[in-house]
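Colleague:
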Amino acid sequence: MSSYPSDRVRPLLDVAELLAREAGALVREGRRRHVGVAATKSSAQDVVTAMDLASEALLRRRLAELRPDDAILGEEEAFRPGTSGITWVVDPIDGTVNYLYGLPSYAVSVAAVVGPDPVAAPEPATWTALAGCVFSPEDGRSYTAARGLGARLDGRELRVSAARPLIDSLVGTGFGYVATRRRAQGRIVAELLPQVRDIRRAGCASLDLCAVAAGGLDLYYERGLQPWDLAAGALVAQEAGAQVTGLRGQAAQEAMTVAGPPGSVERLRDLLESLGADSDA
Ligand code: IPD
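Position one of the sequence shown corresponds to residue 551 (my numbering), numbered consecutively onward.
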């Protein structure tokens, strides 16, 4: 990472926050009008609104203006290759179901990452995240992080909560949209519930990861996260001192993401491994 010192990372953070705020303003304004389902994805419950599409179009247009040589990996459109080695990983609305129902827990997530292959779409298990912003339009909160420079909420430095026993831990999680996966996830959460302080399912993975950074959750785990759900929030959590990992020695990725303070995260990880939480069986 020596080729990405702070003077190269800081401008990426500025772009991430600027664009997350611009897209956030668009989607918040768009919510005043009627928000309807424009399409569905992995199941009939996995919805896309017209504002998901408009927000991603804005992010892509602005990135093309500000960072024309960089690649873009977004939730709603195809991977756009670049030439610089940097990829912007964007979620135009994370928490679309909350957005559709008028609930406040949704965000725009924008991150810059570098992968091992400068031309292929990067993957969470092997990329290095450089900078990111998770912007929460309803309360105007901006969670930012840059590699080696810490994590901040509206400029205030973030630190994860202290490690504590599982039984005293508030644990966030989320569920996929496909019935077979949900059935398996339901079994896992039923095993966990008697062993933790409580469970939260807020419906926005990027804000869940930021909540770990800000001490609003002690721990978080989820199976099925896509690159755009993970990119900026995982960097915010890591830069706040959290460990963000997968199971069985793997990095955080779609199979499983576990986040929390070192000393706590291992207990949850071991339990999830013993329960086979990285399988839909
Ligand atoms: C979803 C949210 C949700 C998580 C799902 C994600 P989307 O993102 O982050 O909390 O449980 O796994 O797909 O679809 O609203 O962008």
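Glycine included, each C-beta is placed from N, C-alpha and C at the ideal position. Treat the numbers as computed from the prediction; the structure is a model and nothing was measured.
In this structure, what does DSSP give as the bridge partners for S605?
Modeller: None; S605 has no bridge partner.
Colleague: Could you check the C-alpha separation between V585 and A752 for me, to the nearest Å?
Modeller: Cα to Cα, V585 sits roughly 20 Å from A752.
Colleague: For R714, which residues does DSSP report across the bridge?
Modeller: Beta-bridge pairing links R714 to no other residue.
Colleague: With DSSP as the reference, label Y771 as helix, strand or coil.
Modeller: The answer is strand: DSSP assigns Y771 an E or B state.
Colleague: Could you give the uninterrupted runs of the beta strand (DSSP E) lying entirely in the region 728-773, keeping only those of 3 residues or more?
Modeller: 748-750, 769-772
Colleague: Would you call A729 buried or exposed, if buried means 16 or more other Cβ atoms sit within 10 Å of its Cβ?
Modeller: Flag for A729 reads exposed.
Colleague: Name the DSSP bridge partner or partners of Q803?
Modeller: M806
Colleague: Look up Y693 in the DSSP assignment and give the residues it is bridged to.
Modeller: V684, L703
Colleague: Measuring alpha carbon to alpha carbon, tell me which residue in Y770, A790, S634 is nearest D748.
Modeller: Restricting attention to Y770, A790, S634, the CA atom closest to the CA of D748 is found in Y770.
Colleague: Looking at the secondary structure, which residues open and close the alpha helix (DSSP H) in which L785 lies?
Modeller: 777-789
Colleague: For the alpha helix (DSSP H) containing S824, list its first residue and its last residue.
Modeller: Counting along the chain, the alpha helix (DSSP H) containing S824 begins and ends at 815-825.
Colleague: Does the Cβ of D704 lie closer than 6 Å to at least one heavy atom of the ligand ATP?
Modeller: As presented, the structure is devoid of the ligand ATP, carrying the ligand IPD as its sole ligands.
Colleague: Count the CB pairs spanning the region 694-702 and the region 796-813 that are closer than 8 Å, and state whether there are at least three.
Modeller: no
Colleague: First and last residue of the alpha helix (DSSP H) that includes A575?
Modeller: 556-582
Colleague: Who are G665's beta bridge partners in DSSP?
Modeller: Per DSSP, none; premise fails for G665.
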